[in-house]
Each structure stands twice: as C-alpha cells, then as structure tokens.
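What follows is a single structure, written as structure tokens, with notes after it.
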C-alpha cells in the first residue's frame, strides 16, 4: 500500500507548523508540527498529555493556536469555529460520541446539515448509499440507542463524510471498540484513504499504528519528536521509545514457579445481568496461590458480571464462590475484602473511587472502620495511611485533602491498586487495570500485579488487551457469552486460536 | 467576533465561597443603586437603613439571628440530605409539620413546668418534621421513589393540614370566630438571650455544629459522603445504602421540624399557616450557597437573615416591597454567580454566537 507514494505525486493535505498553545499553567503545544499527505492514514502518537488532542483541536477549529500556521491543501487558514474547519473539509470524530439516541442513524447523520425539508425515505437512501460507498455497514433506519459502540462510531464517521470531510480526524477511535470492530475500522479507513481522503488517527496503541497506518508523527511534551515516519520502515519498539523518550521498560513475563493451594474457587456460578437476562452460565474457575489467571474475551461476555459476583456486588443465581477454602457465596463486599479479596474494578471513577472526595478519604475507602475511634475517624491516622500509600506506590498528587478528581488517570489507578494491594490480599481480582493508561502507567500497574503474584497471591486478571494477558498470565481462559469456552497456555497458544475462541468459534484445550 | 465562554479552573479559588458572597453583595448593591435611583429614592440612606436594621446594634443583631435560625436549620435539612446526593425539597412542609406537632404538645402540656414544656415543644418539633419525612424516606430507600417529588408534594399537604387545624379543631374560641389558633402558654415560650434573640439561636447553632462534625469527622459522615459521591462506590466500600438513605432523610426532616418548634415557641407564639414563611425554600438556597456542607450553613444563614431583615426594614421608608425583594434576589444572584466564577473563569473565544458551540469545559 505504500507503493502509491512512489507512483503518485504526494500532495500535502494538512500542514501544521510551529503550533503553540498555552493553557493556564500548562503549555499543551510547544511548536508542534504535522504534515499529512492526501490519501494516507497518518498516526499521531504520544502519551497522555503529550499534546495530541490539543493539536487536533487546533486543526479542527476548537482551539485557536497562540502561534503557528495551519494550512489545508496549501491554503493558510485561521479557523474560529469547528464549523469553519468543517467548511474547509476537516471533520473530527471525538472520543465521546455526539449522537441523539432516539434518532435514527440517518437522522443523526443529516442533523444540522440538511437545510431542506426532510423526507425520511430519501435521507435513509442517501445515507445508505454513502455508507455503502465506504464500506460502512449500517442500517440507516435503526435508532441509535439500539446500536453497539462500533456501529455508533460508524455513524459519527458518516456524519463527517456527509459533511464532505476530506480530512478525517479520529481521536482514539479504538478505545471503545472490540478487537474485531477495531479491525473492521481499519478496513474502512483504508477504503477512505484509497478514495483520496486523508485520515489522522490519534492513538497510543502501537499495534494498531503498525497494523494500518502509513505514516506516524510522534509528540512528546507538546513537541513533535518524529515527523511523518514511514510506518513500514519502523517498528513498535522504536515508536514506543520515541513516545516515552527512553527505551520503554516492558514488563517481563515472570518466570513460572510451582503454585500453591487454590485460593479462589468458583464453581457452577450463574448470574443475571443488568437487564435480568442470564449473563453468567455455570462458570468454573480456580486460581491458585502464586499464579496469574487471565480472562480474555470480547467486552460484554460476562467478565464484568463474574467480577461483580465474586466481589459481592451482584447476587449469584446458582453456584458457589470459595475464598481460601471458605464458602463466601453471597458475602458482602466488605466481608470479602476483609477475608482477603483485593478488587480493582473496571470502572475506576464510578465504583473504585469517589472522585469528589479527598485523596485521604479515597485511601481509606475500604478500611475506614479500622481508622475509627468511637464514632470518629482519626484524621491523623487516615492521613498517615494515605501518605504511606502515596509514597509506596509512587502516586503523584497535590495536597492530600484536595479532591481526588484532580489526579491524572495513571495516578488515580496507582492509588486504587495500591489501596487494594496494601493489605497483602490473598486473592487479587483486577478488571481492565491498565486500560487508558500511558506506557509508564501500564508498566507500573503490571509490575504491581506480578509482585502480588510473587508474594503468593492468587491473581485473576480480566483484560481486553490480549498482549497484556499473553505477557502476564500463567494460564488463560476465554469467556464467551457468559461461559468459559476455552483454556490456553499463554506460552504456546496461537493468537488466532485464542481469537477464534473469543468470538465463540472453537473451543481450546481443556474446556 | 469574540464571545465569552466559561472555562473550568483547574483549581477552585481559595476561600472562594466567602469571597464570592462578598463580591455578590457589592455587585448587587451597585445594581441596586440604579434601581433605587430609578424609583426615586436616595440609595445611601436606604443602604444605611438596611445595615442599621440588620446589623447596626445588638437589638438588630438579635432580630437577624432569630431570622437566621429557621433559615439555618432549613438549610441544614437540605444540606444533610445533599451530602448524600439526595434532594430534600420538603423543608417547608417539615417545618410546618414540626410546628403543628409542637403546637399539639403545647396544648397537652399546658400544666407542665416551663423547662419541661419548652423541651417537649422542641422535641415535638423534631418528631413532627421527622414524621413528615418518614414517608419519602421509606419510599426512596425501599422502592426508589424519587424523593424530590414526594418531599415537594408533602409541602402542600402540610399546609392544608395546618389550615384545617387552624380553621377547625384548634380554632381559638376567644378569637371572635377569626381562624386563629390559641397562643401557646407563656411558660412554654423560649427564654430570651438578649434583645429579642431567644434560646433557639443556641439550639440551632449546636445542632448545626453537631451535624457539621458528624459529616466531616465521623465514620457515619464518611459513609454519607461516599454515598453522595456514587452509590456504586458506596456498595463497593460495603456501605448499606437503604438504611442510610432512610435515616438521613428522617434526620433532615427532624432538623427542619426543629425550626418549626423554635418558630412556634420563639417568635410566632401561635400556630399560623404562614409560620414557615418560605424558610423551607430559602433553605435550599442557603444549602446551595454553603455548597451542601453543613459546616457552612450557619454563616450563610446569618448573612441571608441580615439581607432579609434589612430588606424588610426599608419598606417603612416608602420603598415598595417589590424593590426590597428585588434587592434580596440580586444579592443572591450575585453570590451564586460569584460562586460560579470561583470555579470557572470567563475567557473570550473567537466565534459568533450562532456558530457551533465551543466546548472547552462542561459547566456544572
């Protein structure tokens, strides 16, 4: 696919140069630049806070740069609103979708961009035609609330295409997608590039960049540290080192060692989901002391419900949960925690932490009863506990009595993981513990999980990141449709085989 | 063309709340000058009168403090529930219910010695308010009925009940057929502290302080604050939401009911349908200005009380009651607006108002 650059004259679609953007107390862009050829998929890479989103918002007309030049197809522009940028052919698909759930796909696509009277059938046909042209499978007559995340994203892309965007910016588009949906997106983006449009793809997932991007620009600290690198001529290692500034410290697979007694035993576990439909079907699972068991699967196949039942947040319909030999089926979250279950929930801010409360309050969320004297919580002891956590787990924070919400994602997670691990739990259950973190944050959290395993804990790791599971897990089970459909040895299993099991096609060994 | 947008500050300004109240006051008084001049008054004389009437001497202070009592307790009733993320819009009805129960106690206990009767009246107020909040509390905690609706609707029920009592069974036989409830016995009235200030000032202050300490320093309050942050987080932390919700709403009702008892025995001296005088609704504003923190309620209530007393006093100078009400409203708008500015800053952004919305920060 790179061949066309050899044969076609390379036309620059977008050229950003010397972009500065300052916010109070932060310089988000410090002379960043970006150059994108027409008909290419261009990755913009960088860690959280590297200035990717700011630069894209400058291009999309959301922010005005303090300094610097924005050229689109050779013409200098000073966009004042996103509408200005759109008029010049720049469309942005934001991370959070901006759709009206009760409207149909077609209505959402034309919303605000149709000046004339709408005839339902006509716009559905037109939107359907547009979708087909770019290979975006969708049903224009369906209301958006019925759609999966992947389908909603296609609607957002259609919105931009409908407005005739020739340059499409996608802000971390795969964060909400299943691996299969992400692959489909890659195909769609390629079709668009082949049709002469340009795609700017913001990400920090390296395998996606190497998977379907042509060129990559890496930002670090608001500056462009590598401009328009040819992706086929580089590799993930080089890109990663450019992102973090030094060679990335990858987590090593911990050496296998004999495991101890089973600490977490789940047998015949069934449970209902939020809508009252079966979400777990007789799940059997054992995690022994000193091993990490990974659960792989596409989101929404019962992993969330499994964690909720084991942690006491959701009642079981049938089956049992044993913790270190004791029957804990139906026990309260507090009793399970006290019995030695550390639980890192998937939804950090909505379940694992109370963002409006102080860092101190969050640090004693699970153990506040232990900091009591009479009816009071002893402030000094709570603060000492918090300071200890912050130091031991390297949490970067402002004053400890300020609201938790001021911390960055990586530091929030360090505090949460630190809190759950600090009591040396016998069983650690972690759901998506590294999702959305930057490279260093991922490494820190993974190290903590490995450390817990070395200290003899039984670790259950639920992740949608297969690479993470293959790196960390001693055993890997795959969940599909509420059931465990296969078990694999991560050192020998083929990714394709695991992938098949994840979509319910085949059973692995020992299921 | 540039236009202003609100951008969230990375950190709220320090001391934002007291400062914002002061700024709000200045802004309101400035706008008020225009208003008063337009109505043909001398603004300096009017403002002087307002200040003297509300805070000029110990006597004015005593009136202001008396007014702050129901405002503060009603604010507390909203803030306690608010700490847990619940909205108690029913302080008005709970105050009335407290006053009715207290009046009932005063009827029964006519022959009791003074200290016993006074205590019984106040306890009756607490019970009445708690009872009035019990229905919404149980409905919310057991089957999830929205407490905003139930508490709000019960305000109307309380008002009708009070009207029925005053026009019917409790009508004073000596009132020449006017719909008036009898005066409570003299020895059931709250003892005076100074000027017109009564013991209710101290009672209210102690209750507010107790709740402030409880919410900020105790395990009970910790659970409350976690639950107020997120119900799912509370369950994860092992906190039972059902019981907590019920007890918190009942306690909130009790705080408002206490205000009803104090009003009855401290200032009104008889049950009237207007005994709550909108304090329950003003309490929502008090709590909002105190950022739903019980610890801030007392100070806000005194300021709010001073504004009300000052506003009322200028009516004797020929200023229409509407103007004084507008002044009060301006001060509140100013304070709330300045409160927003302590958390957000205004920045000029390019673009015409008809264009796409520039989303820089989400206003909360």
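Protein chains in written order, with the working numbering: chain S, 262 to 772; chain X, 60 to 423.
Note that CB positions come from ideal geometry on N, CA and C, so glycine has one too.
Burial state of residue 269(X) (16 or more Cβ within 10 Å)
In the assembly as shown, residue 269(X) is an exposed residue. Its beta-carbon has fewer than 16 other beta-carbons within 10 Å.
Using C-beta distances below 7 Å, list every residue in its chain close to residue 613(S), excluding the 5 sequence neighbours before and after it, in chain order.
Spatial neighbours of residue 613(S) in its own chain (CB-CB distance under 7 Å, excluding positions within 5 residues in sequence) are listed in chain order as 605, 606, 677.
To which residues of the same chain is residue 632(S) closer than 6 Å at the C-beta, ignoring the five residues directly before and after it?
625, 638, 639, 642, 643.
Of the listed residues 323(X), 343(X), 340(X), nearest to residue 334(X) (C-alpha basis)
For the residues 323(X), 343(X), 340(X), the minimum Cα distance to residue 334(X) belongs to 323(X).
Measuring CA to CA, which of 133(X), 106(X), 384(X) is closest to residue 263(X)?
Of the listed residues, the one whose Cα sits closest to residue 263(X) is 133(X).
Would you say residue 294(S) lies against chain X (beta-carbon separation less than 7 Å)?
No - not a single Cβ of chain X is within 7 Å of the one on residue 294(S).
Assign residue 235(X) to buried or exposed, taking buried as 16 or more other Cβ atoms, counted over all protein chains shown, within 10 Å of its Cβ.
Exposed.
Selection of the segment 246-278 of chain X by Cβ proximity to chain S, strictly under 9 Å
For the segment 246-278 of chain X, residues whose beta-carbon sits nearer than 9 Å to a beta-carbon of chain S comprise 272, 273, 276, 277, 278.
Does the Cβ of residue 752(S) have 16 or more other Cβ atoms within 10 Å, making it buried, or fewer, making it exposed?
Classification for residue 752(S): exposed.
Using only CA atoms, which one of 149(X), 336(X), 226(X), 309(X) lies nearest to residue 211(X)?
Nearest option by C-alpha distance: 149(X).
So does the segment 273-280 of chain X actually touch the segment 198-207 of chain X, counting three or more Cβ pairs closer than 8 Å?
No contact exists between the segment 273-280 of chain X and the segment 198-207 of chain X.
DSSP state of residue 240(X) mapped onto helix, strand, coil:
Coil at residue 240(X), not helix or strand.
Residue 139(X), buried or exposed, once every other Cβ within 10 Å from all chains shown has been counted against 16:
Residue 139(X) sits buried, since 16 or more C-beta atoms from the chains shown fall within 10 Å of its C-beta.
Selection of the segment 308-333 of chain S by Cβ proximity to chain X, strictly under 9 Å
Taking a C-beta cut-off of 9 Å against chain X, the contacting residues of the segment 308-333 of chain S are 322, 323, 324, 325, listed in chain order.
Proximal residues of chain X, C-beta to C-beta of residue 358(S) below 7 Å
At a C-beta separation below 7 Å, residue 358(S) has no neighbours in chain X, since its nearest C-beta there lies roughly 14 Å away.
With H, G and I counted as helix, E and B as strand and the rest as coil, what does DSSP make of residue 704(S)?
In the displayed model, residue 704(S) falls within a helix according to three-state DSSP.
May I have the straight-line CA-CA distance separating residue 579(S) from residue 544(S), to the nearest angstrom?
Distance between the alpha carbons of residue 579(S) and residue 544(S): 10 Å.
Compare the C-beta of residue 611(S) against all C-beta atoms of chain X and say whether one is closer than 7 Å.
Chain X, which has a Cβ nearer than 7 Å to the Cβ of residue 611(S), makes this yes.
Residue 272(S) to residue 300(S), Cα distance in whole Å?
When rounded, the distance between both Cα atoms is 9 Å.
CB residue 277(S) to CB residue 294(S), shorter than 7 Å?
With respect to the 7 Å criterion, residue 277(S) and residue 294(S) are classified as neighbours on the basis of their beta carbons.
Proximal chain X residues relative to residue 593(S), where beta-carbon distance stays under 7 Å
Taking a Cβ-Cβ threshold of 7 Å, the residues of chain X close to residue 593(S) are 297, in chain order.
Could you have a look at residue 282(S) and say whether DSSP puts it in helix, strand or coil?
In the structure shown, residue 282(S) adopts extended strand secondary structure according to DSSP, grouped into three states.
Residue 615(S) and residue 292(X) look like a contact to me (Cβ under 8 Å); what is the Cβ gap, rounded to whole Å?
Rounded, the Cβ-Cβ distance is 5 Å, consistent with contact.
Beta-ladder partner(s) of residue 741(S), from DSSP
DSSP lists 744(S) as the beta-bridge partner residues of residue 741(S).
Proximity to residue 363(S) [Cα-Cα], best of 354(S), 404(S), 323(S), 343(S)
If we check each option's Cα against that of residue 363(S), 404(S) comes out closest.
Identify the contact partners of residue 668(S) in chain X, using a Cβ-Cβ distance below 9 Å as the criterion.
Within 9 Å Cβ-Cβ: nothing; residue 668(S) doesn't reach chain X, min ~12 Å.
Measuring only between beta-carbons, confirm whether residue 650(S) sits less than 7 Å from chain X.
Chain X contact via Cβ: absent.
What residues in its chain sit with their C-beta under 8 Å from that of residue 250(X), if we drop five residues either side in the sequence?
Exclusion of the five residues before and after residue 250(X) leaves 177, 257, 258 as the residues of its chain whose Cβ lies within less than 8 Å of its Cβ.
For residue 364(S), write down the residues that DSSP places opposite it in a beta bridge.
Residue pairing by DSSP places residue 364(S) opposite no residue, since no beta bridge is assigned to it.
Nearest-angstrom beta carbon gap, residue 717(S) and residue 521(S) [assumed within contact, 8 Å]:
Contact holds; Cβ gap of about 6 Å.
If you drop the 5 nearest sequence neighbours on each side, which residues of the same chain put their C-beta closer than 6 Å to that of residue 214(X)?
Closer than 6 Å at Cβ, skipping near neighbours: 149, 151, 152.
Buried or exposed, going by whether 16 or more other CB atoms sit within 10 Å of the CB of residue 468(S)?
Residue 468(S) comes out exposed.
Leaving aside the five residues before and after residue 763(S) along the sequence, list all residues of the same chain whose C-beta is less than 7 Å from its C-beta, in chain order.
Once the five neighbours on either side are set aside, the close Cβ partners of residue 763(S) are 557, 558, 559, 739, 741.
Starting from residue 306(X), find everything on chain S with Cβ-Cβ shorter than 9 Å and list it in chain order.
Within chain S, no C-beta atom comes less than 9 Å from the C-beta of residue 306(X); the nearest is roughly 14 Å away.
Which residues in chain X sit within 9 Å of residue 727(S), going by Cβ to Cβ distance?
For residue 727(S), no chain X residue has a Cβ inside 9 Å of its Cβ, as the nearest lies near 27 Å away.
Do you know how far the Cα of residue 460(S) is from the Cα of residue 433(S)?
Using only the alpha carbons, I get a separation of about 12 Å.
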